[in-house]
Amino acid sequence: MITVILGCQWGDEGKGKIVDYLAGKADLVIRAQGGANAGHTVVIEGKKYIFHLIPSGILNLKTISIIGNGVVIDPETLLEEINLLKKLGFDPAGRLFISNRAHLVMPYHKMIDQSKEKNSKGKIGTTGRGIGPAYMDKICRTGIRAAEFLNPDGLLKKIRANIEFANQLLKKIYNEDELDAEKVAADYLNYQKEISPFIADTGAMANRAVKEKKEILLEGAQGAMLDIDLGTYPYVTSSNTTAGGAVTGSGIGPKSIDKILGVVKAYTTRVGEGPFPTELEGEEAEKLRKKGDEFGATTGRPRRCGWFDSVVSRYACEMSGVDELIITKLDVLDELAVIKICTGYNYKGEKLEFFPADIDILKNVEPIYEEFSGWQTDTTGVREFAALPEAAKKYLNRLEELSGARVKYISVGPDRSQTIIK
Ligand code: IMP
Numbered sequence: 001m002i003t004v005i006l007g008c009q010w011g012d013e014g015k016g017k018i019v020d021y022l023a024g025k026a027d028l029v030i031r032a033q034g035g036a037n038a039g040h041t042v043v044i045e046g047k048k049y050i051f052h053l054i055p056s057g058i059l060n061l062k063t064i065s066i067i068g069n070g071v072v073i074d075p076e077t078l079l080e081e082i083n084l085l086k087k088l089g090f091d092p093a094g095r096l097f098i099s100n101r102a103h104l105v106m107p108y109h110k111m112i113d114q115s116k117e118k119n120s121k122g123k124i125g126t127t128g129r130g131i132g133p134a135y136m137d138k139i140c141r142t143g144i145r146a147a148e149f150l151n152p153d154g155l156l157k158k159i160r161a162n163i164e165f166a167n168q169l170l171k172k173i174y175n176e177d178e179l180d181a182e183k184v185a186a187d188y189l190n191y192q193k194e195i196s197p198f199i200a201d202t203g204a205m206a207n208r209a210v211k212e213k214k215e216i217l218l219e220g221a222q223g224a225m226l227d228i229d230l231g232t233y234p235y236v237t238s239s240n241t242t243a244g245g246a247v248t249g250s251g252i253g254p255k256s257i258d259k260i261l262g263v264v265k266a267y268t269t270r271v272g273e274g275p276f277p278t279e280l281e282g283e284e285a286e287k288l289r290k291k292g293d294e295f296g297a298t299t300g301r302p303r304r305c306g307w308f309d310s311v312v313s314r315y316a317c318e319m320s321g322v323d324e325l326i327i328t329k330l331d332v333l334d335e336l337a338v339i340k341i342c343t344g345y346n347y348k349g350e351k352l353e354f355f356p357a358d359i360d361i362l363k364n365v366e367p368i369y370e371e372f373s374g375w376q377t378d379t380t381g382v383r384e385f386a387a388l389p390e391a392a393k394k395y396l397n398r399l400e401e402l403s404g405a406r407v408k409y410i411s412v413g414p415d416r417s418q419t420i421i422k
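Numbering follows our numbering, with no gaps: position 40 of the sequence shown is 40.
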């Protein structure tokens, strides 16, 4: 069985908990896109750790974890995570594989990302992890792939050539210090020694597992509205966060996929810049932020908070062909007297039929809301759909109807047991 799990809003939907749960049953967990911009919190013996690159399946000693060809890998972050895992008693040797086709994030990618954000007027609010520039080099065919770690001479040649070019950019366009090519070359040779044993043809491994009918979980990062093609461009990340990205980023063909799970929060959040039609301000936003602990796992930034937007969830479900929805953080709404769902957008007095591609239209739409009475009851202890307050059932049923995908799981707290199967 091959399952894809994807965020269907702007990321941070709480995929981690569901992925942990499903990874426990998987033979193989594959990350297919994104890079160290993602953050996944793991609790080990009561202590919190945040992983950015290595799939959470790594904590299950029987699961093979793969960083697929669609991911951009910052070797420094990767090594920190490998070393942390060793320290915690989860040595990844023999259980972690990195695609030889994955691209490497280089120091100039991070410098350019951060400099652009600092200086340009059209700030995206990126995580500063070099994601955009690394994918730019990939698409431009000037990137350096993990396979180069198996060929140190070739690696050094490419690093020197790329830095010669990057230094021109850094100095002349971005007004930043130049990089010392020999220092970067020495650092990457050190990474090379430690990372090479993990490099493999992971597409071939994945397809072998497909033939052997293994349980495979394709773990998406970020969310549908941050998709480079289909999201709220230009306020997006630089990879395909929708189902297509899981296919191209893992090397598994689309016909092999059995199920696509979409994850949405019972409300909406977004980090970084860009339009957010149902965004709340002031006290209402603060209530959700506080109760939902809405602060970025990678950057610590407070997340923008708002009502559930079914225009977004319907669009996201369509784009990825979502079979089942997972609703997270329902309990965050427990105390509210009134809850709203956005059912459509008005623009210049007319209802829009489709999710607008034009960012200037999206910035100016007026959400159409349906209001629901809050249940004002603690749901964190509920384990069956039937036992939920009537008002919560009504809210969830409407959310399901508007999104166009069946709700399968509802999460009512961070613990694995705090999950309702519908
Ligand atoms: P980048 O991926 O660092 O280039 O950032 C581009 C946009 O995607 C910014 O708005 C980020 O806040 C957002 N973003 C990137 N990764 C995540 C994530 O894991 N969760 C939520 N937002 C993200």
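No residue lacks a Cβ here, since even glycine has one placed at the ideal position from N, Cα and C.
Exposed unless 16 or more other CB atoms sit within 10 angstroms - verdict on residue i
i: residue 305; result: buried
i: residue 378; result: exposed
i: residue 1; result: exposed
i: residue 43; result: exposed
i: residue 362; result: buried
i: residue 140; result: exposed
i: residue 413; result: buried
i: residue 32; result: buried
i: residue 308; result: buried
i: residue 144; result: buried
i: residue 154; result: exposed
i: residue 251; result: buried
i: residue 19; result: buried
i: residue 269; result: buried
i: residue 314; result: buried
i: residue 265; result: buried
i: residue 61; result: exposed
i: residue 56; result: buried
i: residue 417; result: exposed
i: residue 426; result: Given that the chain is displayed from residue 1 to residue 422, the structure contains no residue 426 and the question cannot be resolved.
Secondary structure of residue i, DSSP reduced to three states
i: residue 291; result: helix
i: residue 9; result: coil
i: residue 370; result: strand
i: residue 403; result: helix
i: residue 324; result: strand
i: residue 75; result: helix
i: residue 314; result: helix
i: residue 229; result: coil
i: residue 385; result: helix
i: residue 137; result: helix
i: residue 200; result: strand
i: residue 219; result: strand
i: residue 86; result: helix
i: residue 302; result: strand
i: residue 210; result: helix
i: residue 96; result: strand
i: residue 28; result: strand
i: residue 308; result: strand
i: residue 351; result: strand
i: residue 398; result: helix
i: residue 2; result: strand
i: residue 34; result: strand
i: residue 335; result: coil
Bounding residues of the alpha helix (DSSP H) (the contiguous stretch that carries residue i)
i: residue 165; result: 152 to 168
i: residue 347; result: No alpha helix (DSSP H) contains residue 347, which is instead part of the beta strand (DSSP E) from 338 to 347.
i: residue 23; result: 15 to 23
i: residue 118; result: 107 to 119
i: residue 247; result: 243 to 248
i: residue 361; result: 359 to 363
Whole-number beta carbon distance between residue j and residue i, since they are thought to touch under 8 Å
i: residue 138; j: residue 103; result: 5 Å
i: residue 169; j: residue 112; result: 7 Å
i: residue 382; j: residue 420; result: 6 Å
i: residue 260; j: residue 332; result: The pair is not a contact, with the Cβ atoms about 25 Å apart (cut-off 8 Å).
i: residue 70; j: residue 52; result: With 8 Å as the limit, residue 70 and residue 52 do not qualify as a contact, their Cβ atoms being about 15 Å apart.
i: residue 68; j: residue 99; result: 5 Å
i: residue 336; j: residue 407; result: Not quite, the Cβ-Cβ distance comes to about 20 Å (not below 8 Å), so this is no contact.
i: residue 50; j: residue 219; result: The Cβ separation is near 15 Å, so there is no contact.
i: residue 146; j: residue 73; result: 6 Å
Enclosing beta strand (DSSP E) for residue i [first to last residue]
i: residue 237; result: No beta strand (DSSP E) contains residue 237, which DSSP labels as neither H nor E.
i: residue 409; result: 406 to 411
i: residue 189; result: Segment 181 to 195 is the alpha helix (DSSP H) holding residue 189; no beta strand (DSSP E) there.
i: residue 264; result: 259 to 265
i: residue 48; result: 47 to 51
i: residue 420; result: 419 to 421
i: residue 173; result: Note, residue 173: premise wrong, no beta strand (DSSP E); not H, not E.
i: residue 256; result: Here residue 256 belongs to no beta strand (DSSP E), and DSSP marks it neither H nor E.
i: residue 65; result: 64 to 67
i: residue 44; result: 40 to 44
i: residue 101; result: Premise fails: residue 101 is in no beta strand (DSSP E) and is neither H nor E.
i: residue 270; result: 268 to 270
Nearest-residue set for the ligand IMP, Cβ under 7 Å from any heavy atom: Qualifying residues come out as 10, 11, 12, 34, 37, 38, 39, 113, 124, 125, 126, 127, 128, 129, 131, 132, 221, 222, 223, 226, 235, 236, 237, 238, 271, 272, 273, 274, 296 and 298.
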